[in-house]
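A quick write-up on the structure given underneath.
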Amino acid sequence: MPTRIRTDNFNLVPVGQPVKDNDGHFHVWLDSDKRLGPMTSFIFENITSGRHSIVIELVKSDHSSLNPKITKSIGVNVESDYVPQIPVQQRGTTEFAVEADDRGFYPNKIQAKIGDHVKIGFKFRDDSIYYAGLDVKGPFEDIKYKLKGEQPIDRVFVMKGETKIVSYWPSTGVKKAELIVEVVK
Numbered sequence: 003m004p005t006r007i008r009t010d011n012f013n014l015v016p017v018g019q020p021v022k023d024n025d026g027h028f029h030v031w032l033d034s035d036k037r038l039g040p041m042t043s044f045i046f047e048n049i050t051s052g053r054h055s056i057v058i059e060l061v062k063s064d065h066s067s068l069n070p071k072i073t074k075s076i077g078v079n080v081e082s083d084y085v086p087q088i089p090v091q092q093r094g095t096t097e098f099a100v101e102a103d104d105r106g107f108y109p110n111k112i113q114a115k116i117g118d119h120v121k122i123g124f125k126f127r128d129d130s131i132y133y134a135g136l137d138v139k140g141p142f143e144d145i146k147y148k149l150k151g152e153q154p155i156d157r158v159f160v161m162k163g164e165t166k167i168v169s170y171w172p173s174t175g176v177k178k179a180e181l182i183v184e185v186v187k
């Protein structure tokens with residue numbers, strides 16, 4: 003996913019150059035994935051479908067913020083066939099990386115065989131989660147994620163049939179999203 007940026011009246015210089023007025027580079031985040039440098043185009047690959055946030059900051063050549071700070075934040079919807087699957091480490095174990103926020107799980111469907119040990123590494127998108135955090139319930143110990151908490155949070159279960167994993171707002175119990183683990187033959 004290419005991200006292009008432009009700036010007026012500012013010289014883009016390599017990281018580490020002596021600090022001068024109107025000189026610097028960009029810091030760009032797609033969710034928590036960070037890129038930086040004196041270019042106007044940044045590429046993020048292997049992006050899962052769903053809502054993502056892009057944050058751009060123009061900074062001095064020593065990475066410090068300008069005064070006043072110059073940032074731009076936007077939300078984008080991505081449609082993708084990419085499903086992050088961590089290579090199987092042992093026979094009968096399937097591992098996945100799944101991101102979560104108030105709007106959903108990314109991806110929202112994964113597949114495993116009956117009898118497989120399914121290991122999911124949950125990563126939470128703090129900028130898209132209500133202040134109280136997010137609870138996740140499934141065939142494993144409940145996750146009670148608080149913003150800025152340690153990530154990823156791993157959970158393992160044995161696949162017995164199609165399985166639903168559900169997220170909720172902790173303060174109200176309002177259901178937010180479902181992750182379906184489908185049976186693959």
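The numbering of the sequence shown is the working numbering, which starts it at 3 and goes up by one. Cβ coordinates follow ideal geometry from the N, Cα and C atoms, glycine included.
Quiz item: residue 14 bridges to which residues according to DSSP?
Solution: Walking along the sequence shown from the start, residue 14 turns up at place 12. Beta-bridge pairing links residue 14 to 26.
Quiz item: Can you list, in chain order, the residues of its chain whose CB lies under 6 angstroms from that of residue 59, leaving out five sequence neighbours each side?
Solution: Residue mapping note: residue 59 aligns to position 57 of the sequence shown, counting from 1. Excluding sequence positions up to five before and after residue 59, its CB lies within less than 6 angstroms of the CB of 29 and 73, all in the same chain and listed in chain order.
Quiz item: Considering only the beta carbon of each residue, do residue 145 and residue 107 sit closer than 9 angstroms?
Solution: Start at 1 with the first residue of the sequence shown, and residue 145 comes out as number 143. Start at 1 with the first residue of the sequence shown, and residue 107 comes out as number 105. In this structure, residue 145 keeps its C-beta atom at 9 angstroms or more from the C-beta atom of residue 107.
Practice problem: Check each candidate in 115, 105, 158 and 139 and name the one with the smallest Cα separation from residue 178. | Solution: Within the sequence shown, residue 178 is the residue found at index 176, counting from 1. The option with the nearest alpha carbon to residue 178 is 105.
Self-check item: Same chain only: Cβ atoms within 7 angstroms of residue 119, ignoring 5 sequence neighbours per side
Solution: Sequence index remark: in the sequence shown, residue 119 carries index 117 (1-based). Excluding residues up to 5 positions away in sequence, 94, 95, 158 and 160 lie with their Cβ nearer than 7 angstroms to the Cβ of residue 119 in the same chain.
Practice problem: Throw me the rounded Cβ distance for the residue 150 and residue 116 pair, which I believe falls under 8 angstroms. | Solution: The residue given as residue 150 occupies position 148 in the sequence shown. The residue given as residue 116 occupies position 114 in the sequence shown. Residue 150 to residue 116, Cβ: 37 angstroms. No contact.
Self-check item: Cα-Cα separation between residue 27 and residue 20, rounded to whole angstroms
Solution: On the sequence shown, position 25 is the one that residue 27 refers to. On the sequence shown, position 18 is the one that residue 20 refers to. Each residue's alpha carbon lies about 12 angstroms from the other.
Practice problem: Jot down the residue ranges of each uninterrupted beta strand (DSSP E) in the region 80-121, minimum 3 residues, whole runs only, in chain order. | Solution: 95-103, 106-108 and 111-114
Quiz item: In this structure, does DSSP put residue 75 in helix, strand or coil?
Solution: Position 73 of the sequence shown, counted from the start, is the residue given in the question as residue 75. Three-state DSSP puts residue 75 in a strand.
Quiz item: Are there 16 or more other CB atoms within 10 angstroms of the CB of residue 143, so buried, or fewer, so exposed?
Solution: Sequence index remark: in the sequence shown, residue 143 carries index 141 (1-based). With fewer than 16 Cβ atoms within 10 Å of its Cβ, residue 143 is classed as exposed.
Self-check item: Minimum length 3: unbroken beta strand (DSSP E) runs contained in the region 116-154
Solution: 119-126, 136-140 and 142-147
Quiz item: Among the residues of its own chain, which have a CB less than 7 angstroms from the CB of residue 82, if the five just before and after it don't count?
Solution: Taking the first residue of the sequence shown as 1, we reach residue 82 at position 80. Contacts found: 49, 50 and 51.
Quiz item: How is the beta strand (DSSP E) around residue 35 delimited, first residue to last?
Solution: Translated into positions along the sequence shown, residue 35 becomes position 33. That run of the beta strand (DSSP E) goes 35-39.
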